[in-house]
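*Asks:* To convert, note that position 177 of the sequence shown is 273 in my numbering; the numbers rise steadily by one, no gaps.
No residue lacks a Cβ here, since even glycine has one placed at the ideal position from N, Cα and C.
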Amino acid sequence: MAAKELGIALGLVNTYLKRCVKAGLIKVRQAPTSRYGYYLTPKGFAEKTRLTATYLSQSMSFFRLVRVESDELLAFCADRGWRRIVLVGKSELCEITVLGASDHPVDLVAIVDAQAVQTTGTFMGIPVRASTDAVEAVDAFMITDMTTPQKTYDELVAAFVPMRVLAMPFLGIHQSSGGFASYKGGVI
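1. Just mark Ser198 as buried or exposed, buried being the case when its beta carbon has 16 or more other beta carbons within 10 Å.
2. Is the CB-CB distance between Gly177 and Met242 below 8 Å?
3. State the beta-bridge partners of Leu262 as determined by DSSP.
4. Grab me the residues of Thr137's own chain with a C-beta within less than 7 Å of its C-beta, minus the 5 sequence neighbours each way, in chain order.
5. Return the residue from the list Tyr134, Asp209, Thr215 and Lys100 that minimises the CA-CA distance to Ser187.
6. Residues in the same chain with beta-carbon distance under 6 Å from Thr228, minus the five sequence neighbours each way, listed in chain order, please.
7. Rounded to whole angstroms, what's the CA-CA distance from Asp203 to Gln214? Just pull it up for me.
8. So the candidates are Asp235, His270 and Pro265; which of them puts its Cα closest to the Cα of Asp250?
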């Protein structure tokens with residue numbers, strides 16, 4: 097069952113369980129009809145707690161980083177009079193950007209995501225559209241696609257003015273010639 101849920105081979109699950117037993121993180125007890133029960137040991141519970149704390153800390157660091165970078169991009173847009181902004185990609189990045197947008201004089205006019213539009217018409221009160229063709233009078237595009245940000249960037253700069261296609265630095269997008277406007281001496 098664990099192998100199927102995780103999408104990995106059963107042998108890999110068994111190997112991992114054996115490593116956890118050796119490390120003292122879990123105990124194995126035989127159950128009826130050739131089955132086994134796995135129990136967390138006190139050491140295993142402590143490790144689970146540590147991993148949970150690490151995950152939460154990393155999640156908060158990610159949130160803070162995205163919030164700072166999205167705020168800088170939104171301020172960059174506002175400083176240039178770019179009010180009508182389209183977010184490209186419905187993701188956690190998109191959600192954090194939407195939360196911070198109210199601090200800036202910009203209007204998030206749409207979220208473009210071909211897959212998301214199949215399940216929802218709006219996200220956080222913003223219309224979701226299948227393509228950029230479905231949105232008019234746009235001042236700038238912000239990439240919030242975390243799955244294929246480079247591909248999204250390449251497609252947008254091929255179709256629109258590259259200086260109006262913006263992305264947060266942590267996405268690691270490599271700019272093509274003419275892409276990304278600069279702010280604070282860095283690259284957007």
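*Replies:* According to the structure shown:
1. exposed
2. no
3. Met238
4. Gly120, Leu121, Ile122 and Lys123
5. Asp209
6. Excluding sequence neighbours, Thr228 sits near Val208.
7. 24 Å
8. His270
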